[in-house]
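Q: Shown below is the structure under consideration.
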Amino acid sequence: MKSKFLAALSMLAFSIAGVSQEMDLNLTNTQWQEDLEFLKKRVESTVPFYKNEKKEAFLKSYKGLISSSNNLDGMQVAIGIQRLLNTLNDEGCNLPFFQTRLNMQVLPLKTYWFDDGLYILDASSTYGAFIGEKIVKINGVKVEDVFHRFIPHLNADNDYYRKYLFQAYGLMPSLLKSTGLSADLDKINLEFASGKKTTVKSEAISEYAKLRRGLPNDGVFDMTNSDHQNENYWSEFVPNSKTLFVQIQKVVNHENGDSFSKFVDKIETLISGGKVNRLIIDLRYGGGGNGFKLKSLTDLLRDSESINKKGNLFVLTSSATRGTLVELASILSLNTKAIVVGQPTAEGANTVGDTKYITLPNSGLRVSLTLTLWSTSWNQDTDTFLKPDLNVAYSYEDKANNRDPWINVVMNYNQQSLPKPISGALFEQLRGTYKVNGRRINLEYNNGKLSLTMSRKMKSFFEIQTELYFHSEGVLSTDIDDVFLHYSTNPSNGAFPNTLKWKGLSLIID
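Below, the structure is given as structure tokens:
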């Protein structure tokens, strides 16, 4: 797989290559301090969550970098900027290390952190013999310890995405040196589980970008060997079935071919024509795009009687699922009976945002800042990832044997038990309009069943439509994992809702 974050950063690098070749990082201390002050002002005016603890942590780190910048070389200041932005705990706020301006190098190895360790999946011809080796030490230090030392360089919302970033950043000699794990800027020593050892010379990022991980069904459909490289979205039928496999890597219209809207229309035609009775939506390999384009797809799946059933709609996620694809996974989990299969995502329901790039005036360094957050949950929800309904373990043995355990889980899914319906009397007593956090929610009929619904606001993706079931006395369950509606009863007023238990939160119902 060509890393999507690397692809984006490579585009950034090429976009500024024309100016960066003529510049260096040998600035005066005054120039660096001007750049840092410029960055601070942009963070204060741009980043929506710059407040409270994050503001305090940022300012503390900022003052430290300002006071020490006179004793640092240009590369050290650049890395210090990344550490500074890391105090914001947001993947969107970072200094891309792959920009041409920094001229960093990386080992010509493509790795992947499986459940059983960090393995080499592709390599330049010089190091091809090491494909399939498990890296256990980097410069004599255990991989897990190196990862923890690297955390200040890995700007992410959670450790799942930090490990994803580490697959590339952990093989950059400049960053290893900045953590005190290397004295060299052009090579790294590796030790493998097999007992072998080697020294690998770093190369230009352009060489690294040629390598592929070849993860399951990434831009290809293994069951039919169909090639969909460089397509933002595509679909294929599982052979001899009515199961449609849909992969979305980016919600951006194709330059050539169907627009995303037309793509959704074709899926609708297949469903309405009875050609599809099960849908697998693969969101494992990307992010980005326009979240407003999602509504035609999410409404289609929500309203489809044949697809919106438990066991007929699956969403695949990984630690690389981010951006607009996290929004899509979240919206489907709140509005359909979709079963999310895979790994925790790179971002949470309330941490996806639009970003903008700024250029520091003296150094020319490009910095990404989060501009707008697009929430798909309540304000109190601080989870930094979406948790799958069904977890998937992915080992190197799976990769070596060309197995896709995500697909295996879907194909072998059997619903264990049906939820209990709500009695007619309770049904009638609970019906009505209420408020949670100032938002209007409805307990209403929906196709003859009691549902909890909430419409989205303007410029928001947060909406709910989920069926309610009898869980226990005073508690109703929903189709949303770990979400329950609690109600009280008394002789005079009957039953009335009092609390919405939302993934560990207790939200009062008025």
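All the letters of the sequence shown, read from the start, carry residue numbers -22 to -1, 1 to 488 under mature numbering (1 follows the signal peptide of the UniProt record, and there is no 0).
Backbone N, C-alpha and C define an ideal beta-carbon position, used for all residues, glycine too.
Remember, predicted model here, so these are calculated numbers, not experimental data.
Give every residue of the same chain whose Cβ lies closer than 8 Å to the Cβ of M(-12), excluding the five residues on either side of it in the sequence, and list them in chain order.
A: Residue placement at M(-12) cannot be trusted, given a pLDDT of 42 that sits under 50; what the coordinates show is reported in the next sentence. If we look at M(-12) and ignore the five residues flanking it on each side, it has no Cβ neighbours.
Q: Which partner residues of V414 appear in the DSSP bridge assignment?
A: In DSSP, V414 forms a bridge with R417 and I487.
Q: Are there three or more Cβ pairs, one per stretch, closer than 8 Å when the segment 183 to 192 is compared with the segment 284 to 295?
A: The segment 183 to 192 vs the segment 284 to 295: no contact.
Q: Can you give me the C-alpha to C-alpha distance between E15 and N133, rounded to a whole angstrom?
A: Cα to Cα, E15 sits roughly 21 Å from N133.
Q: Please give me, in chain order, every unbroken run of the beta strand (DSSP E) with length at least 3 that falls completely inside the segment 104 to 167.
A: Here the runs fully enclosed are 112 to 116.
Q: Within the continuous alpha helix (DSSP H) that includes L80, where are the two ends?
A: First-last for L80: undefined, no H or E at that position.
Q: For a minimum of 4 consecutive residues, which ranges assigned as the alpha helix (DSSP H) are wholly contained in the segment 166 to 242?
A: The qualifying runs are 183 to 186.
Q: Would you list, in sequence order, the uninterrupted beta strand (DSSP E) runs of no fewer than 3 residues that lie entirely inside the segment 279 to 327?
A: Runs found: 291 to 295 and 317 to 320.
Q: Considering only residues of the same chain and omitting the five flanking positions on each side of F(-18), which have a CB-CB separation below 6 Å?
A: The predicted model places F(-18) with a pLDDT of 46, which falls under 50 and marks its position as unreliable, so this point remains unresolved.
Q: In the DSSP output, which residue or residues are listed as bridge partners for W356?
A: The partner list for W356 (beta bridge, DSSP) is empty, contrary to what the question assumes.
Q: Considering only C-alpha positions, which residue in the set I166, I245 and A307 is nearest to D260?
A: The option with the nearest alpha carbon to D260 is A307.
Q: Looking at the secondary structure, which residues open and close the beta strand (DSSP E) in which F462 lies?
A: Run containing F462: V461 to N468, per the beta strand (DSSP E) assignment.
Q: Quick one: grab the DSSP three-state call for E12.
A: DSSP places E12 in helix when its eight states are reduced to three.
Q: Counting beta carbon pairs with one atom in the segment 350 to 366 and one in the segment 321 to 334, are three or more of them shorter than 8 Å?
A: Yes, since at least three Cβ pairs between the segment 321 to 334 and the segment 350 to 366 fall closer than 8 Å, the two stretches touch.
Q: Among N136, K175, I113 and D135, whose alpha-carbon lies nearest the alpha-carbon of G148?
A: Comparing Cα positions, the closest option is I113.
Q: In whole angstroms, what separates the C-alpha of Q77 from that of G235?
A: Those two C-alpha atoms are separated by around 31 Å.
Q: If I'm right that N357 touches N415 with Cβ under 8 Å, what's the distance once you round it to whole angstroms?
A: Rounded, the Cβ-Cβ distance is 7 Å, consistent with contact.
Q: I'd like to confirm the pairing. Which residues does DSSP put opposite M432 in its beta bridges?
A: DSSP output for M432 lists I442 as bridge partner(s).
Q: What number of angstroms, rounded off, separates the C-alpha of A298 from the C-alpha of L96?
A: Distance between the alpha carbons of A298 and L96 is about 16 Å.
Q: If we count the other Cβ atoms within 10 Å of its Cβ and call it buried at 16 or more, is K436 buried or exposed?
A: The question names Lys, but residue 436 is Met in the sequence shown. M436 should be labelled exposed.
Q: Determine the burial state of D488: buried for a count of at least 16 other Cβ atoms within 10 Å of its Cβ, exposed for fewer.
A: Exposed, since its Cβ has fewer than 16 Cβ neighbours within 10 Å.
Q: List the endpoints of the continuous beta strand (DSSP E) containing L87.
A: Here the beta strand (DSSP E) through L87 covers L87 to F92.
Q: Using the rule of at least 16 other Cβ atoms within 10 Å of the residue's Cβ for burial, across every protein chain shown, is S(-20) buried or exposed?
A: Only weak support is given to the placement of S(-20): the predicted model assigns it a pLDDT of 41, under 50, and the value that follows is read from those uncertain coordinates. So S(-20) counts as buried.
Q: Measure the alpha-carbon distance for K179 versus L163 and round it to whole angstroms.
A: The straight-line gap from Cα to Cα measures roughly 9 Å.
Q: Comparing C-alpha positions only, which one of N392, L368, Q225 and N218 sits nearest to H206?
A: Measuring from the Cα of H206, the nearest candidate turns out to be Q225.
Q: Quick check on Q227: buried or exposed, where buried means 16 or more other Cβ atoms within 10 Å of its Cβ?
A: Buried is the call here.
Q: Using 10 angstroms around the beta-carbon of P194, count the other beta-carbons present and answer buried if the total reaches 16, otherwise exposed.
A: Burial call: buried.
Q: Using 10 angstroms around the beta-carbon of G251, count the other beta-carbons present and answer buried if the total reaches 16, otherwise exposed.
A: Under this definition G251 is an exposed residue.
Q: Roughly how many angstroms separate the alpha carbons of K479 and P397, rounded to a whole number?
A: Using only the alpha carbons, I get a separation of about 18 Å.
Q: Is there contact here, the segment 109 to 124 with the segment 45 to 62, by at least three beta-carbon pairs under 8 Å?
A: No, they do not touch.
Q: Could you spell out the range, first to last residue, of the alpha helix (DSSP H) harbouring G58?
A: Looking at the DSSP string, the run of the alpha helix (DSSP H) that includes G58 is G52 to N64.
Q: So who's on the other strand from R256, going by DSSP bridges?
A: The partner list for R256 (beta bridge, DSSP) reads T221.
Q: Only counting the same chain, and skipping five residues up and downstream in sequence, which positions put a Cβ closer than 6 Å to that of I336?
A: Taken in chain order, the residues that qualify are R20 and V345.
Q: Give me the DSSP bridge partner(s) of S455.
A: Note: S455 sits in a beta bridge opposite Y447 and F462.
Q: Cβ of residue 494 within 8 Å of Cβ of I400?
A: For residue 494 there is no data in the structure shown, the boundaries of the chain being -22 and 488.
Q: I need the straight-line Cα distance from E246 to L275, nearest angstrom please.
A: Rounded to the nearest angstrom, the two C-alpha atoms are 9 Å apart.
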